[in-house]
Amino acid sequence: MNYKFSYLFVYFILTLSVGLESCKKPGCTDPIAYNYNSSANYNDSTCEYDTNSAYNVIWLINHKYNTDSFSYLIDYQDDSGTLIQFTRAAIYAGKTNYSYNGANRFTNHSYVLINPIKSRYDMGIIYDTTINEFQCLIGVDSITNHIDPATYESSNPLSYQTPSMHWQMGIDPQYWSYLFIVLEGYVDKNKNNVFESGESFVFHIGNDGLTSNSNLINFSASVNENKEFVVEFDIDWHEAISGIDMAHDNFTHTMDNFTLAQSISSNCSNLMRSH
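In our numbering, the protein residues as written are -7 to 267.
Here's what the structure looks like:
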C-alpha cells in the first residue's frame, strides 16, 4: 500500500475543507438591516432592523369568477356550460416567498385561510419594501399538515375552524390532514336550468402531495399612512374547476376520487393572478 500517497490525499482533503470553511464569511447579508455587512456571504441571523422601518403586509384580494366579481349563490357556468352556484369556497395559502425581480429576499412561513367573504388579510411584518413579486404554497406543508390544530390559539388560521377545515381520522396525527381546498355548491346535473334536490357538488381536497405552488405574482404595492404595505392581486375561483365537467365530476373527498382531487389541486396553481 502506498502510505505516502494516502497521507498526501488526506492532507489535501483537510486543506480543502479548511479552505472552503475559511471562505465562509458570516454576518448580516440583508442590505435593509442596520448592521448589513457587504463582505459577508453567509447570513448568521444577526441582522438588526430599525423598528420605525417596519411595515405591516396586507394582502388585498379581488375575488373573481373569470372577469366577473365572485359571490356565493350567483349563477355561473363551468367550462361545459353547466349552471353552477357556489355556497362555500376556501383555501389555505402560506410559506410565501417574496422577491425583487427574481432575486429571493425572504420567506414568510405563516399560513392564511382565504375565502371570498374576506378581502383583506394581515400577513405580518416586513422591513424590505423593495419586493415586487411573491409565490406561495396552496395547501399546507407535510410537516404542519400533521400537527394537532388544538396546538394553535383560536385566532390562528391553523386552529380548528367552523365549518371544519380538517380531517381527523383515528388518533395518529399521521392520518390527519387539513383541507387545503374546499368548494361546495349547486350544479345543474340534468341541465334543465333548475337546481333540483341532490344537484350539488362537494370538493374537499387534502393530503400530503396535493399541495401546489401559485404562479409568480407581480405587484406594485402601495403604502398608506398606517404603514401598511398593501399587495393587491386577484383570485379567480373559476381556475379551480377549469376543464372539469361538473355535471358528471361533482364529488370528491380526495381518496374516493383521487383523479378529480389531483385535477383541482393542479388547477389551483393558476388560482392567483396579478391585478
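Every residue, glycine too, gets a C-beta built ideally from N, C-alpha and C.
**Asked** Distance, Cα to Cα, Tyr178 vs Thr244?
**Response** Numbered from 1 along the sequence shown, position 186 holds the residue referred to as residue 178. Numbered from 1 along the sequence shown, position 252 holds the residue referred to as residue 244. Cα to Cα, the separation comes out at about 14 Å.
**Item:** CA-to-CA distance, Gly190 to Gly116, given in whole angstroms
**Value:** Counting from one through the sequence shown, the residue named residue 116 turns up at place 124. Counting from one through the sequence shown, the residue named residue 190 turns up at place 198. Going by the C-alpha atoms only, they are around 42 Å apart.
**Distance between beta carbons of Tyr90 and Phe78, contact taken as under 8 Å** = Within the sequence shown, residue 78 is the residue found at index 86, counting from 1. Within the sequence shown, residue 90 is the residue found at index 98, counting from 1. Not really, about 30 Å apart at Cβ, beyond 8 Å.
**Request:** On a CA-only basis, which of Ile66, Val174, Asn29 is nearest Phe187? Give me that one, please.
**Result:** Along the sequence shown, one-based indexing puts residue 187 at 195. Nearest option by C-alpha distance: Ile66.
**Prompt:** With C-beta atoms as the reference, is Leu105 less than 9 Å away from Ile83?
**Reply:** Working through the sequence shown from its first residue, we reach residue 105 at position 113. Working through the sequence shown from its first residue, we reach residue 83 at position 91. Going by C-beta atoms, Leu105 is nearer than 9 Å to Ile83.
**Asked** What residues in its chain sit with their C-beta under 7 Å from that of Pro18, if we drop five residues either side in the sequence?
**Response** Counting from 1 along the sequence shown, the entry for residue 18 is found at position 26. So the qualifying residues of the chain are Ala32, Tyr34, Asp36.
**Message:** Between which residues of its own chain and Asn207 is the CB-CB distance below 8 Å, once the five residues before and five after are set aside?
**Reply:** Translated into the one-based positions of the sequence shown, residue 207 becomes position 215. Cβ within range, chain order: Gln127, Ser261, Asn262, Met264, Arg265.
**Request:** Would you grab the beta carbon distance between Ser72 and Asp237 for me? Rounded to a whole angstrom, and I think it's under 8 Å.
**Result:** For the purposes of this step, residue 72 is taken as residue 80 along the sequence shown, with counting starting at 1. For the purposes of this step, residue 237 is taken as residue 245 along the sequence shown, with counting starting at 1. Going by Cβ atoms, the distance from Ser72 to Asp237 rounds to 4 Å, so yes, they are a contact pair.
**Asked** When you compare only the Cα positions, how much space is there between Phe195 and Asn184?
**Response** Counted from its first residue, the sequence shown places residue 195 at position 203. Counted from its first residue, the sequence shown places residue 184 at position 192. Distance between the alpha carbons of Phe195 and Asn184 is about 23 Å.
**Message:** Determine whether the beta carbon atoms of Asn54 and Glu231 lie at a separation below 9 Å.
**Reply:** If you number the sequence shown from 1, residue 54 lands on position 62. If you number the sequence shown from 1, residue 231 lands on position 239. Not in contact: Asn54 and Glu231 (Cβ atoms no closer than 9 Å).
**Request:** Leaving aside the five residues before and after Cys39 along the sequence, list all residues of the same chain whose C-beta is less than 7 Å from its C-beta, in chain order.
**Result:** Here residue 39 refers to the residue found at position 47 of the sequence shown. Same-chain partners within the cutoff: Cys20, Asp22, Ala25, Asn27.
**Asked** Could you check where the alpha helix (DSSP H) with Thr251 kicks off and where it finishes?
**Response** If you number the sequence shown from 1, residue 251 lands on position 259. Where Thr251 is concerned, the enclosing alpha helix (DSSP H) stretches over 250 to 259.
**Message:** Tell me whether the stretch 118 to 132 and the stretch 90 to 103 touch, counting them as touching only if at least three CB pairs, one residue from each stretch, are closer than 8 Å.
**Reply:** yes
**Request:** Put Leu12 into one of helix, strand or coil per three-state DSSP.
**Result:** One-based indexing of the sequence shown puts residue 12 at position 20. Interpretation of Leu12 is limited by its pLDDT of 49, a score under 50 that renders its predicted location unreliable; no figure is taken from the coordinates.
**Request:** Report yes if the C-beta distance between His158 and Leu171 is below 9 Å; otherwise report no.
**Result:** Here residue 158 is taken as the residue at index 166 of the sequence shown, counted from 1. Here residue 171 is taken as the residue at index 179 of the sequence shown, counted from 1. Contact flag set, yes.
**Asked** In whole angstroms, what separates the C-alpha of Tyr152 from that of Asp140?
**Response** On the sequence shown, position 160 is the one that residue 152 refers to. On the sequence shown, position 148 is the one that residue 140 refers to. Answer to the nearest angstrom: the Cα atoms are 9 Å apart.
**Prompt:** Does the beta-carbon of Val215 have 16 or more other beta-carbons within 10 angstroms, so that it is buried, or is it exposed?
**Reply:** Looking up residue 215 in the sequence shown gives position 223. Label assigned to Val215: exposed.
**Request:** Please classify Ser45: does DSSP put it in a helix, a strand, or coil?
**Result:** For the purposes of this step, residue 45 is taken as residue 53 along the sequence shown, with counting starting at 1. In this structure, Ser45 counts as helix in the three-state DSSP scheme.
**Prompt:** Under 9 Å, do Gln70 and Ile173 count as touching if we go by C-beta distance?
**Reply:** Here the question's residue 70 lines up with position 78 in the sequence shown. Here the question's residue 173 lines up with position 181 in the sequence shown. It should be noted that the sequence gives Asp, not Gln, for residue 70. Cβ distance not < 9 Å, so Asp70 and Ile173 don't count as in contact.
**Message:** For Trp159, report the span of its beta strand (DSSP E) as first-last.
**Reply:** Translated into the one-based positions of the sequence shown, residue 159 becomes position 167. It spans 158 to 160 - the beta strand (DSSP E) in which Trp159 sits, taken as one unbroken run.
**Prompt:** By a C-beta neighbour count over all protein chains shown, 10 Å radius and 16 as the cutoff for buried, is Ala85 buried or exposed?
**Reply:** The count along the sequence shown starts at 1 and reaches residue 85 at position 93. By the neighbour-count rule (16 or more Cβ atoms within 10 Å), Ala85 is buried.
**Prompt:** Three-state secondary structure (DSSP) at Ala82?
**Reply:** Taking the first residue of the sequence shown as 1, we reach residue 82 at position 90. Residue state, collapsed to three classes: strand.
**Prompt:** Run through DSSP, which three-state label would Pro165 get?
**Reply:** Taking the first residue of the sequence shown as 1, we reach residue 165 at position 173. In the structure shown, Pro165 sits in a helix (DSSP, three-state: H, G or I).
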